[in-house]
Structure formats: structure tokens, C-alpha cells
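Numbering (the numbering used here), first residue to last: 93 to 319.
In C-alpha cells, the structure reads:
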């Protein structure tokens, strides 16, 4: 990913959310770890500005948020997304979590967090199963931390599902590099339990790198109408 483009996206998020992100969860795949490292550095930066194009040398305050690796956010584990030459023959990607955590900004990793998925999904999962996984992990993490604002760093299919699973009757057809979505729900706490309403998708068509259309065929045209 182009550093300036990524930091521009982060800048937009900071403008919208301020300093309201409490936790970041990230896929164990390298490109997501690298993205999360840049994003966390930007969100934790003591000082920032329009001239900052990289996290290199930027002073951070690691107390601002915490980061954890979550297997449930991983790439779709099938040959549609991972080429035959790149996939291990036994389906074991052999991630070294300690090495991956060392790539994240110092002091930001929360070692006390137990992941929702304790291992990777099985190799050759179907597209539909992967989409179900993405929807389930979004819900599971939100329910695990109902009082906190979360940032999930995942892959294109997961970003698309974060919109299509919670916005009725739409189909996502394009997710750009550095795309992101915004979801919001109201949570009512009572004693030691809580009640949460359904997620509201705040992302509008094309504004954050996600394009979608109606999943219902138009009566006036064989093509779907863009929303």
C-alpha cells in the first residue's frame, strides 16, 4: 500500500472519530500487520501533520490503544485468493505470532487478550463460509468489548462483508486498497449484561473505497442499479 494514501485514510478516520479507538484487531497475514503498524502509529502519534508520510521516527503514546492479532480476520483460505504457489501444501501457514507482534509499535500489544479464533480456519474454506466467518467475528468482537470502539484490520473480502452483512439488500462489487467502513450500534448496559441493537452502516457508496449496488434485480433494467 502507498504510505501517503494509507495515512490519508487514517487522517480521515481521526477526523471522524477523534481519539475514540480503544482497540485494534488485525489479521495475522503480513500485509495486514504492516497496515496495522502504520495505522496504530498514526493513531498513537504524539504529534502529527500533513507532512507526515510514514510512521518511521514518529513518537507515539502506546497508552492510547491496544492491539491484538485475531485469526478470525485472516484472508479467505482458498485458491481463489491465495495462489497455488503461495499456499503451503499442508494448509499450515506457520504464523509466528511473537514475530508478528514484534512488528507492531512497541508497547501497544495486549498480551492478555484471548483471540476468538484460537487457530486458522481450515484450508479450502468456501467463499460463503469465509463471508460467514467475517460477519461472525465482527459480531463476536463487538459483543466481547461492548463498551469500546474497535478498529478491525482485515482483507478486501472482510471489508466488503462489513457492509454487505449489515446493509440490507446490497451487494459489494469493489473494495479499493485502504478502503474502510464505519459501523455503529447502540448498547444499553444493565447490571453485568448488555443489550445491543443492530449495526447501522455509516459508510456511503464510494466515499471510503467501497462500491456496492442493489442485490435485487431492477424491474426496468437487467442490470442492477447502483446505490
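We treat Cβ as the ideally placed atom computed from N, Cα and C, and that holds for glycine.
Just the C-alpha distance for residue i and residue j, rounded to the nearest angstrom, thanks.
i           : j           : result
residue 162 : residue 189 : 10 Å
residue 155 : residue 218 : 39 Å
residue 221 : residue 138 : 41 Å
residue 124 : residue 159 : 12 Å
residue 208 : residue 236 : 9 Å
residue 281 : residue 239 : 9 Å
residue 170 : residue 283 : 43 Å
residue 185 : residue 223 : 20 Å
residue 292 : residue 277 : 6 Å
residue 145 : residue 126 : Residue placement at residue 145 is flagged as unreliable, the pLDDT there being 47, under the threshold of 50; a coordinate-derived value is accordingly withheld.
residue 182 : residue 174 : 14 Å
residue 242 : residue 231 : 11 Å
residue 270 : residue 128 : 11 Å
So the candidates are the options; which of them puts its Cα closest to the Cα of residue i?
i           : options            : result
residue 248 : 138, 308, 130, 121 : 121
residue 165 : 251, 115, 139, 288 : 251
residue 305 : 216, 225, 263      : 263
residue 233 : 268, 288, 199, 168 : 288
residue 212 : 173, 167, 117      : 167
residue 254 : 285, 302, 282      : 302
residue 309 : 297, 261, 281, 291 : 261
residue 258 : 206, 114, 296      : 296
How far does the alpha helix (DSSP H) with residue i in it extend, from its first residue to its last?
i           : result
residue 135 : 122-136
residue 239 : No alpha helix (DSSP H) holds residue 239; DSSP gives it neither H nor E.
Along the beta strand (DSSP E) that carries residue i, what are the first and last residues, could you check?
i           : result
residue 174 : Premise fails: residue 174 is in no beta strand (DSSP E) and is neither H nor E.
residue 288 : 285-288
residue 161 : 158-161
With DSSP run on the structure shown, which of helix, strand or coil describes residue i?
i           : result
residue 115 : strand
residue 309 : coil
What I want to know is whether the C-beta of residue i ends up closer than 7 Å to one or more non-hydrogen atoms of the ligand GDP.
i           : result
residue 251 : Summarising the ligand content, the structure contains no ligands, and the ligand GDP is consequently not present.
(message) Give the list of continuous beta strand (DSSP E) stretches no shorter than 3 residues that lie fully inside the segment 242-307.
(response) 242-245, 262-267, 279-282, 285-288, 302-306
(request) Jot down the residue ranges of each uninterrupted alpha helix (DSSP H) in the segment 172-237, minimum 4 residues, whole runs only, in chain order. (result) 189-194, 219-236
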